[in-house]
Amino acid sequence: MIHLLGIRHHGPGSARHVRSYLERIKPDIILVEGPPEANGILQYVVHKEMEPPVAILAFAPENLKQAAFYPFAHFSPEWQAMVYGVNNLVPVRFFDLPLTHKFAIQEEEEQQQLAEAEKALHEKLQQQQTTETAETEPPVEEIRKDPLTWLGEIAGFEDGERWWNQFIEHRKDDEEIFTAINEAMTALRESLPEKDNRIEKLREAHMRQVIRQAQKENFENIVVVCGAWHVPAMDLSIPKKDDDELLKNLPRMKVDTTWVPWTYDRLSFESGYGAGIHSPGWYAHVWDHIGDDGTLWMSKVAQLFRTKNMDTSTAHVIEGVRLAQAITALRGYATPGLEEMNEATQAVLCGGDDVLLQLVRRELIVGNVIGNVPGDVPRPPLQRDIEMLQKKLRLKPIAEEKAYEFDLREAIDLERSVFLHRLQLLQINWGKKGRSFGRGTFKEKWVLQWEPSLSVIIIEKGSWGNTTAEAAAHFVMYKAGEAQRLKEVAELLEAAIPADLPEISEKLLHHINNLAAATGDVLQLMESLPPLVNVSRYGDVRKTDTAMLLTIVKSMVARICISLPSACTSIDDDAAHQLLGSFTELNDAVSLLQDEEQLQQWHKTLDLLSGATNTAPVLAGYSTRLLQDHNAISSEELEARFTYALSKANEPLAAAAWLEGFLKGAGNILLLDNQLWNLVNGWVSQIDDPSFDNVLPLMRRAFSALNAVEKRKIGEKARGIDAAQQLQGNTLINTQRAATVLPLMAQLLGLKENGA
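Start counting the sequence shown at 1174; every next residue gets the next number (the numbering used here).
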């Protein structure tokens, strides 16, 4: 006999009905919707270290873009069926269409769609070149919705999920429930138009073939656990030869499978998971506490609020539960659902505030639970190495964000830092490095958050090596070979130093030295210098030999100082502004070196740029400002260059560009130096009207970089308002209007009318 159990993926009520049904009928074999390639790892579902939520990761080793996850929680019907079968020595098989065919078909379809899109684009271009096409309305897309929505609307529900929850998930007994589901799905499939979906037809044909194979093997009590929609398609009256014909000569692709940890967050619809649910945390509660009338759930909400320092009393819980039960009774339901609990929570515990309800949703309704997979599950070498290091370094992957601060003088923190930097080199972004504030370079801040999708990236990067160090080293050298600009290689070196890859760092240094010697592009040298200077900072903490690096850096600084003046001559505005950004980073890098010889070279170059008449004005102005910042120019010389740049002999546009460069990042200088202020004020005053219209955009751009306080104070100074005037109120306060207000203010403050 064949028992068809139509379920909702990750439904706690469905899981309870399936388990109860299996215990009652004692099947000979259980067929579960899932990839047959994973049959070999089914035994791990009862391993003592296996903790749902977990997922089967199926992937094509030769094309990792073809990968799929099959997640399970402990309240998933398929999980309960697998656990029952393995525990009771009942054969369990996945019976969906093998991914070896599905992946290959999807790849063929993608290539076909790409070819059709290219052909359509080519035809459209040809048509536009030959004739003018009339405007036509775009085709109306077919409106699709969940088939259960039709049943929900008939029963008076807004959506199919709420209908399913009330009549299936919250149902206490399972008598004839699967028969009812079969009848409902049959009616739906007969009423709704059939979708022309090749994959779906192949899936259902293969499912029927596996059922027939089980009968052929003399299994008599066969249980089929699959999505409710597929139940009517398990009709074996469909001729076998038709299924054979449909499944004949399907393409193939090698597929491997393993188990990986999963999270409740990734079980939700918001994560993009097609078979997701809105409330995995709530479903887990329903599974664990079948008899809860709302009291336990409301207590969890209260406990959450208390951890956030929000006053929540027992009375709140009692009134919240009473309100949820009252709403449930008014709606004619047997048990409070999530919607009723949310309405009661918002009204009683949140004071009507929807923001607090969002906290409940994030922490309880969805939740941040992450599963665990046994260590002896087959997995690629790189993944095994990463998991071993996570355990050794006590960096447990968790679903929520967790912040760490490492002291690189401590051995374990240094190992942790090296490990995370190697993962970043491999583009496995488990951790995000934050800024550390403090003295020295021995502190690092990281924020870690594990995403199940990282498992695919780890498998992909496994082709570069079996260990994290080996894979990172090979991948970095590959990226260095592909790099087109010196800056890219410098950034790779900056990332490789904290990853403790000395051999690779040395190779990158030689590569940088060769590229730097061969390039005559001063802009490339300027872009590459800051990452190299940053690398030198690790010498004292990580015991990195930076002697060769410093030699390269000094050589690059010398070449930049020699080549930069000619690069800043006779260039347009766009090129000047591109160089302007590199100036800032270069100046910071040279200052960070703290080498007197390098600083002197840089100051001489700035002085040359500032005083040359053919230097781009914006760069000449910025060079002057940098000299002033370094105290490398006297106040008299600064005033002389300011006067010359803003003299009437110069074009207004050139003067405005010079002023823009000088004010970059330092608007307060005009507030502090009245002599410079008067020079700028006098220059603006003498510009004629036609020239002013041309200068205005440059002036707006120059002052737009200032912060709000600087802009306000400069505006007040331009109007002639200083702090003393604001206090005295000689020009701002209307004494007549104030006189009408003072008596009322005196009365409000309890003062006498005479103001005493």
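All residues carry an ideal CB built from backbone N, CA and C; glycine is no exception.
- Following the DSSP letters along the chain, one finds Trp1432 inside the beta strand (DSSP E) bounded by residues 1429 to 1434.
- Annotation: Asp1527 to Glu1280 spans about 45 Å, alpha carbon to alpha carbon.
- The beta-bridge partner set that DSSP reports for Ala1240 consists of Phe1232.
- For Val1397, the enclosing beta strand (DSSP E) has its first and last residue at 1395 to 1400.
- Shown here, Asn1545 sits in a strand according to DSSP, grouped into three states.
- Counting the other Cβ atoms within 10 Å of the Cβ of Asn1236 gives fewer than 16, which makes it exposed.
- With 16 or more other Cβ atoms from the protein chains shown falling within 10 Å of its own Cβ, Leu1688 counts as buried.
- In this structure, Leu1659 sits near Ser1701, with a CB-CB distance shorter than 8 Å.
- Residue environment: Arg1798 is assigned as buried (16 or more neighbouring CB atoms within 10 Å of its CB, all protein chains considered).
- Shown here, Arg1266 sits in a strand according to DSSP, grouped into three states.
- A check of alpha carbon separations from Arg1344 across Ser1736, Ile1631, His1190 identifies His1190 as the nearest.
- Annotation for His1462: Leu1469 place their beta carbon closer than 7 Å to its own, counting only its chain and skipping 5 residues before and after.
- For Leu1832, the enclosing alpha helix (DSSP H) starts and ends at 1825 to 1836.
- Classified as exposed, Asn1907 has fewer than 16 neighbouring CB atoms from the shown chains inside 10 Å of its CB.
- In the DSSP secondary-structure assignment, Val1620 is bridged to Ala1576, Lys1605.
- Per DSSP, Ile1677 is one residue of the alpha helix (DSSP H) stretching across 1675 to 1691.
- Secondary-structure assignment with DSSP links Phe1245 through a beta bridge to Val1227.
- In this structure, the alpha-carbon of Trp1435 lies about 9 Å from that of Ala1572.
- As the crow flies, the alpha-carbon of His1274 is around 22 Å from that of Val1404.
- In this structure, Leu1562 and Ile1538 do not form a Cβ contact; the two beta carbons are roughly 34 Å apart against a cut-off of 8 Å.
- A Cβ-Cβ contact shorter than 8 Å links Ala1277 with Pro1424.
- The alpha-carbon of Leu1666 is positioned some 16 Å away from that of Met1699.
- At least 8 Å separates the beta-carbon of Glu1251 from that of Thr1430.
- Looking from the CA of Tyr1817, the closest CA among Ser1783, Thr1641, Glu1289 belongs to Ser1783.
- About 18 Å separates the Cβ atoms of Ala1231 and Leu1204, ruling out a contact at the 8 Å cut-off.
- Under the Cβ criterion (8 Å, minimum of three pairs), the stretch 1211 to 1223 does not count as touching the stretch 1182 to 1197.
- Straight across, the Cα-Cα distance linking Lys1565 with Ile1677 is about 25 Å.
- The beta carbon of Thr1641 is closer than 8 Å to those of Leu1555, Asp1558, Ile1559, Leu1562, Phe1592, Arg1595, Leu1596, Leu1599 in its chain, skipping five residues each way along the sequence.
- Separation of Lys1884 and Ala1891 (C-alpha to C-alpha, rounded to the nearest whole angstrom) is 10 Å.
- Fewer than three beta-carbon pairs drawn from the stretch 1583 to 1591 and the stretch 1534 to 1554 are found closer than 8 Å, and the two stretches are therefore not classed as touching.
- When beta bridges are read from the DSSP output, His1176 appears opposite Val1396.
- Within the same chain, Cβ atoms closer than 7 Å to the Cβ of Asn1338 are found at Gly1510, the five residues on either side in sequence being excluded.
- In terms of Cα proximity to Trp1460, the closest of Phe1648, Gly1888, Ser1249 is Ser1249.
- For a cut-off of 8 Å, the C-beta gap from Asp1416 to Arg1362 is around 18 Å, too long to register as a contact.
- Judged by DSSP secondary structure, Ile1725 falls within the alpha helix (DSSP H) whose first and last residues are 1720 to 1740.
- DSSP, read as helix, strand or coil, puts Leu1921 in helix.
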